[in-house]
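Here's the structure, in structure tokens; my notes come after.
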């Protein structure tokens, strides 16, 4: 008897403010109206997905000193939209990115605890660290952090939030109407935290929520990020959706867990993945080519090149060859509010490599950007996609995927209707929710506030 | 939606059958835990173990909507509830613990259709950028029914929850001392800045900024997005918002005010002020002071509603209501007193009082149910029909948005106007 099949975890990421989202398609709807979010969430729940995921942005992106206008711009508030979605779903987990730099632990902890109460235990928090002073201009703190302090603040922020979540054990409210005792303990919620980034004390005013604490997700691929996830996260988002890269990442991150006294099933690895479905593999490949052309217009291609070149390249022809000048290595001033900019740590090397690849393949600027920047993870018939996803998970390239459709809000519908039933037939994906909370879906234990070692020392 | 004005404003729908008479008043209800009396949770109807559930709040707001009320407010605070004015009381015999009011409002929004949702927001410790997008999003999820009630906090313990500022210790009797005045004036000035920043962020996208111009590949017209460049004494905000202009353009801003400093905030910044007069003369004096502040702020032409707050014990006969109040007072160990006048009696008697007080120039009332499970249905099923009989309250919702219900037009975008 071979080892039992791993069960796949699936989540849905509402398409966001980047060029992956094809807004020009006639089927593309609003990315702001609640009806779009409700449709998307109901589809994910109909398909028995683990959770829905929302990213966050706190400053509109700029390029060349102007607000970027080629992609979807704007999004709703994460907490408010997730909580509203709790009203139109029953089981689906509700995950949001909340930045630890432009928030305070007391407020964020009470928002997540409130979301967990109001969703009967379906809240999850993707903890991210600061961007930069550019984003900070929208906040009182004004601030930002040196690179080296980002994870230090994030770690302390999360530890402090956990202290607040754990400041109620869960049995304090007795509400004895006859005796007139509402609270068993006048000090319920008491906390003291004195650290490098926060010195706070008092009483947390949200009693313990159904999950005890929200599920903690972490994204980020640096060594610090991987270590942060291994130390305390329940799941990590990665961007490795090829088999080999996925397996390497999986092995590395899971290998870090033992140091923290944790086992392999206490941290799920969930890469983001895109998909294009067709009736046949050939049809899907054709469709995928069309989608890529929609995602990368000539103007978009030039803008993407500017992330690396850090220069105004608007005079270049997107259907022509790559610029022969080198990137400007000074402070990056062209694109602001962009995570992608940080992905190219050596612009000279990237530019050289891109020129060589373009020359070798006779690619234009637009061809190059399409080929390097917008590869779909899964392309094929429903049977092919189901087979591929399953094989990735069984081969320990991931524990599942966070699917990002390219159309709002109906982009998940076909996947739910065609791929999910095939995964269910293979016996690798649930046909019904077995539990009610997100922790149940993810197979994570409910944290006990009294467990030794669970509380972070103050 | 953002580019579509509300379809039916009272001013544009003169149909006599669906529009209440000119004497119609506005009614809101203030929701807080099991009710405003500290012993409310001990009533059999109270369901004190459900105060942190979505079902509890959905039930209350649905009941308020059944009564055709203009809106509900949802109380909040950044510390445990306390019977003491400025500090924790360590008591265990009253309801303690509460959920974030903005999120309660967002949770019930998809379950209701007409009623306005006005959560409390503490300006002292939160970020205008976050609150602006949260209330804008509440406006989207409720399709145009969002507001906020802005509040300040000078509590030392709440400041310690954030660790960024400190306040002197004081009691309610110290409010008129110069030192405490300086603190409260500063907090209310900051709150005014906060509201200004929030309002600018709501306007930072013009309604038709999203163009989806396939020919040029542009999703937005960036000339219709605006940096707000707000600079105040306590904070600055660059903008624009991350969230497009909400359906109402400007959700409804409200504040509770008891004395001159907060009256200034209401006059300067609010669409609704809640006040606490104890009789007609006092109501007249307060209304005069707020109108003067409004005029001084250059807003004489704007609609600014003034609602009186009343805490209510309502029963079918006055003796029952009085006995209930006594029973609750005795459970609490002392007679209930608070900032607002306490009314004890029948819905018909309350209707008499409201119509009398209104002569001071009040637009309506925000009623605080002593026991929400009892007094809220008394409002929706007793008071409301009584007011309808007197032709003083609507018989159906006559608008789809909170601004519409309140007779507030959808405001032009300040930045769009500036560039014409």
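Chains as they are written, first to last, in this note's numbering: chain A, 8 to 465; chain B, 11 to 430.
Glycine included, each C-beta is placed from N, C-alpha and C at the ideal position.
Practice task
Compute the distance between the beta-carbons of residue 212/A and residue 90/B, then report whether it is under 8 angstroms.
Solution key: Here the question's residue 212/A lines up with position 205 in the first chain. Here the question's residue 90/B lines up with position 80 in the second chain. It is a contact, given that the beta carbons lie within the stated cut-off.
Problem - Closer than 8 angstroms to chain B by CB, residue 6/A - result: Only positions 8 to 465 of chain A appear in the structure, and residue 6/A is not among them; the question remains open.
Problem - residue 322/B (DSSP reduced to helix, strand or coil) - result: Translated into the one-based positions of the second chain, residue 322/B becomes position 312. Correct three-state label for residue 322/B: strand.
Handout entry: Where residue 431/A sits in the DSSP three-state scheme
Key = Taking the first chain and counting its residues from 1, the one referred to as residue 431/A is at position 424. Here residue 431/A sits in helix by DSSP.
Exercise for the section: Give the residues from the segment 76-95 of chain A that approach chain B closer than 7 angstroms (Cβ to any Cβ), ordered along the chain. Expected result: For the segment 76-95 of chain A, the set of positions with a beta-carbon nearer than 7 angstroms to some beta-carbon of chain B reads 76, 77, 78, 79, 80, 81, 82, 83, 84, 86, 87, 88, 90, 91, 93, 94 and 95 in chain order.
Practice task
Would you tell me roughly how many angstroms separate the C-alpha atoms of residue 243/B and residue 196/B, rounded to the nearest one?
Solution key: Sequence index remark: in the second chain, residue 243/B carries index 233 (1-based). Sequence index remark: in the second chain, residue 196/B carries index 186 (1-based). Whole-angstrom Cα-Cα distance: 10 angstroms.
Handout entry: Backbone CA spacing between residue 236/B and residue 139/B [nearest angstrom]
Key = Residue numbering aside, residue 236/B sits at position 226 when the second chain is read from its first letter. Residue numbering aside, residue 139/B sits at position 129 when the second chain is read from its first letter. Using only the alpha carbons, I get a separation of about 14 angstroms.
Problem - Where the segment 233-251 of chain A meets chain B: residues whose CB sits under 7 angstroms from a CB there - result: Considering only beta carbons, no part of the segment 233-251 of chain A lies closer than 7 angstroms to chain B.
Exercise for the section: Determine whether the Cβ of residue 177/B lies closer than 8 angstroms to any Cβ atom of chain A. Expected result: In the second chain, the residue the question calls residue 177/B occupies position 167. Taking Cβ atoms only, chain A never reaches closer than 8 angstroms to residue 177/B, which makes this a no.
Exercise for the section: Out of 406/B, 357/B, 421/B and 297/B, point me to the one whose CA is closest to residue 415/B's CA. Expected result: Taking the first residue of the second chain as 1, we reach residue 415/B at position 405. The candidate whose alpha carbon is nearest that of residue 415/B is 406/B.
Exercise for the section: May I ask you to list the residues that DSSP assigns as paired with residue 382/B? Expected result: By 1-based counting over the second chain, the position of residue 382/B is 372. Residue 382/B is not bridged to any residue.
Handout entry: Proximity below 8 angstroms, CB of residue 244/A to CB of residue 409/A
Key = Translated into positions along the first chain, residue 244/A becomes position 237. Translated into positions along the first chain, residue 409/A becomes position 402. Note that the C-beta distance between residue 244/A and residue 409/A is below 8 angstroms.
Practice task
Kindly say whether residue 31/B, judged by its beta-carbon, lies nearer than 8 angstroms to any beta-carbon of chain A.
Solution key: If you number the second chain from 1, residue 31/B lands on position 21. Residue confidence for residue 31/B is low, a pLDDT of 47 falling below 50, so the modelled location carries little weight and cannot support an answer.
Problem - Complete alpha helix (DSSP H) runs within the segment 43-90 of chain B (minimum length 4 residues, chain order) - result: As for any alpha helix (DSSP H) of minimum length 4 sitting wholly inside the segment 43-90 of chain B, the runs are 64-76, ordered along the chain.
Practice task
With a threshold of 16 other CB atoms inside 10 Å of the CB of residue 31/B, please say whether the residue is buried or exposed.
Solution key: Looking up residue 31/B in the second chain gives position 21. Low local confidence applies: a pLDDT of 47 at residue 31/B is under 50, so the model's placement there is unreliable, with the coordinate-based value given in what follows. The residue is exposed, with fewer than 16 neighbouring Cβ atoms inside 10 Å.
Exercise for the section: For the segment 211-228 of chain B and the segment 108-124 of chain B, state whether three or more C-beta atom pairs, one from each stretch, are separated by less than 8 angstroms. Expected result: In short, these stretches do not touch, since the Cβ pair count stays below three.
Exercise for the section: Please name the residue, chosen from 314/A, 126/A and 204/A, that lies closest to residue 68/B on a Cα-to-Cα basis. Expected result: Your numbering for residue 68/B matches position 58 in the second chain. Nearest of 314/A, 126/A and 204/A to residue 68/B, Cα basis: 126/A.
Problem - Nearest candidate by alpha-carbon position, reference residue 332/A, set 343/A, 345/A, 44/A and 361/A - result: As a first step, residue 332/A must be located in the first chain, where it is residue number 325. The shortest Cα separation from residue 332/A among 343/A, 345/A, 44/A and 361/A belongs to 361/A.
Exercise for the section: Taking residue 132/A as part of the beta strand (DSSP E), name the residues at either end of that continuous run. Expected result: Your numbering for residue 132/A matches position 125 in the first chain. First-last of the beta strand (DSSP E) with residue 132/A: 130-135.
Practice task
Compare the C-beta of residue 325/A with all C-beta atoms of chain B and state if any pair is closer than 8 angstroms.
Solution key: Within the first chain, the letter at position 318 stands for residue 325/A. With 8 angstroms as the cut-off, residue 325/A does not count as an interface residue toward chain B.
Problem - Opposing strand residues paired with residue 215/B [DSSP bridges] - result: Here residue 215/B refers to the residue found at position 205 when the second chain is read from its first residue. DSSP lists 235/B as partners of residue 215/B.
Problem - Contact with chain B by residue 463/A, beta-carbon distance below 8 angstroms - result: Mapped onto the first chain, residue 463/A falls at position 456. Only weak support is given to the placement of residue 463/A: the predicted model assigns it a pLDDT of 37, under 50, and the value that follows is read from those uncertain coordinates. No, residue 463/A lies away from the interface with chain B (no Cβ there is under 8 angstroms from its Cβ).
Exercise for the section: Note down, in chain order, every chain B residue with its Cβ under 9 angstroms from the Cβ of residue 104/A. Expected result: Position 97 of the first chain, counted from the start, is the residue given in the question as residue 104/A. Chain B residues near residue 104/A: none, gap ~13 angstroms exceeds 9 angstroms.
Handout entry: Every unbroken alpha helix (DSSP H) inside the segment 239-293 of chain B [4 residues or more]
Key = You should have 270-279.
Problem - Selection from 69/A, 289/A, 164/A and 282/A that minimises the alpha carbon distance to residue 252/B - result: Residue 252/B sits at position 242 when you count from the first residue of the second chain. Of 69/A, 289/A, 164/A and 282/A, the residue nearest in Cα terms is 69/A.
Handout entry: Where residue 207/A falls: helix, strand or coil (DSSP)
Key = Here the question's residue 207/A lines up with position 200 in the first chain. Looking at residue 207/A - three-state DSSP - the assignment turns out to be strand.
Practice task
Report the residues of the segment 305-319 of chain A with a CB closer than 9 angstroms to any CB of chain B, ordered along the chain.
Solution key: Of all residues in the segment 305-319 of chain A, 305, 306 and 307 have a Cβ within less than 9 angstroms of some Cβ in chain B.
Exercise for the section: Within 10 angstroms of the Cβ of residue 203/A, are there 16 or more other Cβ atoms? Answer buried if so, exposed if not. Expected result: One-based indexing of the first chain puts residue 203/A at position 196. Note on residue 203/A: under 16 other CB atoms within 10 angstroms of its CB, so exposed under the neighbour-count rule.
Problem - Partners in chain B for residue 61/A, counting only beta-carbon separations shorter than 9 angstroms - result: Position 54 of the first chain, counted from the first residue, corresponds to residue 61/A. Under the 9 angstroms cutoff, chain B gives no residues; its nearest Cβ is about 11 angstroms from residue 61/A.
Practice task
Look at the Cβ atom of residue 415/A, then the Cβ atom of residue 35/A, and state whether they are nearer than 8 angstroms.
Solution key: Within the first chain, residue 415/A is the residue found at index 408, counting from 1. Within the first chain, residue 35/A is the residue found at index 28, counting from 1. In contact: residue 415/A and residue 35/A (Cβ atoms closer than 8 angstroms).
Exercise for the section: Consider the Cβ of residue 219/A: report whether some Cβ of chain B lies at a distance smaller than 8 angstroms. Expected result: The residue labelled residue 219/A in the question sits at position 212 within the first chain. It does not: the Cβ of residue 219/A has no partner Cβ on chain B nearer than 8 angstroms.
Problem - Spatial neighbours of residue 145/B in its chain, beta-carbon cut-off 6 angstroms, leaving aside the 5 residues before and after - result: Translated into positions along the second chain, residue 145/B becomes position 135. Sequence-distant partners of residue 145/B (beyond 5 residues in either direction) whose C-beta falls short of 6 angstroms from its own C-beta, in its chain, are 156, 158 and 261.
Exercise for the section: For residue 145/A, decide whether its Cβ has a neighbour in chain B, counting only Cβ atoms nearer than 8 angstroms. Expected result: As a first step, residue 145/A must be located in the first chain, where it is residue number 138. It does: the Cβ of residue 145/A has a partner Cβ on chain B nearer than 8 angstroms.
Problem - 6 angstroms Cβ shell around residue 112/B - same chain, five flanking residues per side excluded - result: Your numbering for residue 112/B matches position 102 in the second chain. Taken in chain order, the residues that qualify are 129 and 144.
Handout entry: Among 316/A, 370/A and 342/A, the one whose alpha carbon lies nearest that of residue 355/A
Key = One-based indexing of the first chain puts residue 355/A at position 348. It is 316/A whose Cα lies nearest to the Cα of residue 355/A.
Exercise for the section: Please compile the residues from chain A whose C-beta is within a distance smaller than 8 angstroms of the C-beta of residue 388/B. Expected result: For this step, residue 388/B is matched to residue 378 along the second chain. Ordered by position in chain A, no residue passes the 8 angstroms Cβ test against residue 388/B, which lies about 21 angstroms from the chain.
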